[in-house]
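Oh and the sequence shown: position 109 is 109 in our numbering, straight run, nothing missing.
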Amino acid sequence: MYEYEKSLIMKACMRMKEYRLISLTGGNISLKIDDDTYIMTPSGMLYEDMEIADLCVVDHEGKLKEGFRKPTSDAAALIYIYDHMPKVRATIHTHQPYATAIGMNNDSLPACMVTLIDANHARINVAPWTKSQDIGMGKLAVEYAGDANTVIMKHHGVISFGKDLEEALYAAVYLEEAAKTYCMARIMGSVPELSDEQIADEAAGWEVYGQR
Ligand SMILES: [Zn+2]
1 MYEYEKSLIM KACMRMKEYR LISLTGGNIS LKIDDDTYIM TPSGMLYEDM
51 EIADLCVVDH EGKLKEGFRK PTSDAAALIY IYDHMPKVRA TIHTHQPYAT
101 AIGMNNDSLP ACMVTLIDAN HARINVAPWT KSQDIGMGKL AVEYAGDANT
151 VIMKHHGVIS FGKDLEEALY AAVYLEEAAK TYCMARIMGS VPELSDEQIA
201 DEAAGWEVYG QR
């Protein structure tokens, strides 16, 4: 079942690799179908080896409804996010290096670049450390996301989300672009943050961008 949704996850997995957001088997992708049906990537499989049959359909308790693989070890954290952020229908968890580096010694990434605002709408907060493979990661993501589509998890990586996988992917990729640019700019000096008015102006432009 859910062949179309599964094909979207497979495509997003390849994009996540292409944009260098993960290494080896790190990270995961999930989609919410309804309150008791979620599709998730399997635990510990190389994305390039993954086939559509390897994706896991799980229920609200994280138990397999369809498939034969063990689902991602972050399943409980992801379901917590879906339970507490009703607009979220897709999540992408990565260990993207530039954004993760910023999380190690900053409390947030300032709204410093138009693409970051376009895809994430706000500055990106850094949630405190919690161990991986634990529901605590989901709790902190919900607590620290604020108005953004992304939250950086200290010493770990990033969780991005959206109404669909495209929105979550844009959030993750444009965060990494902005984080890399911010790191380079910081080497040369301080980086001013855009004002609330500039952020609102930029966000309005994004509404009519592209082929929508
Ligand atoms: Zn992780």
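Cβ atoms here follow ideal geometry from the backbone N, Cα and C, with glycine treated the same way. Quick caveat, the model's predicted, so the values are computed rather than measured.
{"Check": "Apart from the five residues on each side of it in sequence, which residues of its chain come closer than 8 Å, Cβ to Cβ, to Met85?", "Outcome": "Val142, Ala145 and Phe161"}
{"Check": "Just curious, the alpha helix (DSSP H) that Gly205 is in, first and last residue?", "Outcome": "Asp196 to Trp206"}
{"Check": "Using 8 Å as the cut-off, classify the Cβ of Ser195 as near or not near the heavy atoms of ligand 1, replying yes or no.", "Outcome": "no"}
{"Check": "From this set, Ile52, Leu46, Gly27 and Lys17, which residue's C-alpha is nearest Leu8's C-alpha?", "Outcome": "Ile52"}
{"Check": "Quick one: complete alpha helix (DSSP H) runs, 4+ long, within the stretch 38 to 109?", "Outcome": "75 to 84 and 97 to 105"}
{"Check": "Determine contact between the stretch 63 to 82 and the stretch 146 to 157, defined as no fewer than three beta-carbon pairs at a distance below 8 Å.", "Outcome": "no"}
{"Check": "How do the stretch 14 to 30 and the stretch 89 to 109 stand: do at least 3 beta-carbon pairs fall below 8 Å, yes or no?", "Outcome": "yes"}
{"Check": "Which term fits Val208, buried or exposed, when burial requires 16 or more other beta carbons within 10 angstroms of its beta carbon?", "Outcome": "exposed"}
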